[in-house]
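A.B. asks: Before I ask anything, here is the structure I am working with.
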Amino acid sequence: MKDHQIQVRVRYSETDQMGVVYHGNYIPYFEIGRVEWLRNKGISYKVMEESGIGLPIVNMNINYKKSAVYDELLTVHTVFKSQTSVKIEFDCAIYNEAKELLTTAQFMLVFVSLKTGRPTAPPDYILELLKTFE
Numbered sequence: 152m153k154d155h156q157i158q159v160r161v162r163y164s165e166t167d168q169m170g171v172v173y174h175g176n177y178i179p180y181f182e183i184g185r186v187e188w189l190r191n192k193g194i195s196y197k198v199m200e201e202s203g204i205g206l207p208i209v210n211m212n213i214n215y216k217k218s219a220v221y222d223e224l225l226t227v228h229t230v231f232k233s234q235t236s237v238k239i240e241f242d243c244a245i246y247n248e249a250k251e252l253l254t255t256a257q258f259m260l261v262f263v264s265l266k267t268g269r270p271t272a273p274p275d276y277i278l279e280l281l282k283t284f285e
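Residue numbers (our numbering): 152 to 285.
Have a look at this one:
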């Protein structure tokens, strides 16, 4: 499956005085979604980093539609979009408990060598996985 969903509860520390999630706190929610997407596909981000490969964000676009609030259970939906030689893209969305769309985002990440900091091809085990989505 190209997609994965995970639930995250809004913590008090992620909100402002009105109980609304601060806009910058959506980025960690999306990161949880991407890391768990990988884990669900059998790829440990930790093991990938231990083998010398990192996956930093090089571009992101976030569209806020409706606010998330304190103690709300959010569903983070992550969908694999595409992969090129060194880049991987995801489309993401966050829904509230009423299944209302709160936020959408697109992320582009690049596989890099942690030793050199330069772009590198994904490991073969990741390429094999991604081929199954084409």
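Ideal Cβ placement from N, Cα and C applies to all residues, glycine included.
Opposite Leu-260 in the DSSP bridges: which residues?
C.D. replies: Partner(s): Ile-208, Ile-239.
A.B. asks: Taking just the CA atoms, how far does Phe-181 sit from Arg-162?
C.D. replies: Computed Cα separation, rounded: 15 Å.
A.B. asks: Is the separation between the beta-carbon of Ile-194 and that of Ala-256 shorter than 8 Å?
C.D. replies: No, they are not a contact pair.
A.B. asks: Counting C-beta neighbours from all protein chains within 10 Å, is the total for Met-199 16 or more, i.e. buried, or is it exposed?
C.D. replies: Answer is buried; the Cβ neighbour count reaches 16.
A.B. asks: Kindly indicate which residue of Pro-274, Val-230, Pro-273 has the alpha-carbon position closest to the one of Cys-243.
C.D. replies: Selected option, being the one with the closest Cα: Val-230.
A.B. asks: Suppose the cutoff is 8 Å on Cβ atoms and the five residues either side in sequence are ignored; what does the same chain contact list for Glu-251 look like?
C.D. replies: Answer for Glu-251: Lys-217, listed in chain order.
A.B. asks: Measure from the alpha carbon of Ala-219 to the alpha carbon of each residue in Phe-262, Tyr-246, Leu-281, then state which is nearest.
C.D. replies: For Ala-219, the nearest C-alpha among the options comes from Tyr-246.
A.B. asks: Could you give the distance in angstroms between the alpha-carbon of Val-173 and the alpha-carbon of Tyr-215?
C.D. replies: Reading off the sequence shown, one finds Tyr at residue 173, where the question assumed Val. Rounded to whole angstroms, Tyr-173 to Tyr-215 spans 11 Å at the Cα level.
A.B. asks: In three-state DSSP terms, what is Met-161?
C.D. replies: Reading off the sequence shown, one finds Val at residue 161, where the question assumed Met. Val-161 falls in the coil class under three-state DSSP.
A.B. asks: By the three-class DSSP mapping on this structure, what secondary structure does Asn-176 have?
C.D. replies: Asn-176: helix per DSSP, three-state reduction.
A.B. asks: Here's the rule I'm using: 16 or more other beta-carbon atoms within 10 Å means buried, otherwise exposed. How should Leu-278 be labelled?
C.D. replies: It is exposed - the Cβ of Leu-278 has fewer than 16 other Cβ atoms within 10 Å.
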